[in-house]
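Numbered as in my numbering, the sequence shown ends at 116 without a single skipped number.
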Amino acid sequence: MIGPKIIGPKCSIVCVCISAWGIIMFLLLGAFFHVESPALREDLSPKDDTREAISEAYANTAINCYITGAIYAGTLVFAGWQVAVNNSRTYQMA
Numbered sequence: 023m024i025g026p027k028i029i030g031p032k033c034s035i036v037c038v039c040i041s042a043w044g045i046i047m048f049l050l051l052g053a054f055f056h057v058e059s060p061a062l063r064e065d066l067s068p069k070d071d072t073r074e075a076i077s078e079a080y081a082n083t084a085i086n087c088y089i090t091g092a093i094y095a096g097t098l099v100f101a102g103w104q105v106a107v108n109n110s111r112t113y114q115m116a
């Protein structure tokens, strides 16, 4: 695989595992916020206690969870690339 070795083999494998778990966790959490799960009500901070404000807080939190899942996906791609670089016998030390 072409590219510089930025992180080591063990660190890259750990990052792949944590990133995969983060994607699953935050996509599910975002889905639960999207359907306005009552169990997650205490995790919200709406502007006031009206139904509209609570729904808006659920929607905003769901979007934040989806964005976090996307960031973890980027981390997974980077860590997977580093696993491939570390497993390649042709990488060069800079």
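Cβ coordinates follow ideal geometry from the N, Cα and C atoms, glycine included.
Within 10 angstroms of the Cβ of residue i, are there 16 or more other Cβ atoms? Answer buried if so, exposed if not.
i: residue 87; result: buried
i: residue 83; result: buried
i: residue 101; result: buried
i: residue 21; result: Absent from the model: residue 21. The displayed extent of the chain is 23 to 116, so no value can be given.
i: residue 99; result: exposed
Quick one: Cα of residue i to Cα of residue j, how far?
i: residue 35; j: residue 74; result: 44 Å
i: residue 46; j: residue 91; result: 8 Å
i: residue 63; j: residue 69; result: 13 Å
i: residue 107; j: residue 89; result: 27 Å
i: residue 31; j: residue 96; result: 18 Å
i: residue 41; j: residue 61; result: 25 Å
i: residue 59; j: residue 39; result: 27 Å
i: residue 50; j: residue 33; result: 26 Å
i: residue 103; j: residue 44; result: 18 Å
Restricting to Cα atoms, I'd like to know which of the options is closest to residue i.
i: residue 57; options: 81, 72, 96, 103; result: 81
i: residue 67; options: 98, 59, 76, 61; result: 76
i: residue 65; options: 72, 49, 79; result: 79
Contact check, residue i vs residue j under 8 Å by CB: the rounded distance?
i: residue 48; j: residue 94; result: 6 Å
Subject >> Completely contained beta strand (DSSP E) runs for the region 79-116, where each covers 3 or more residues >> reply: Secondary structure remark: continuous beta strand (DSSP E) runs of at least 3 residues inside the region 79-116: none found.
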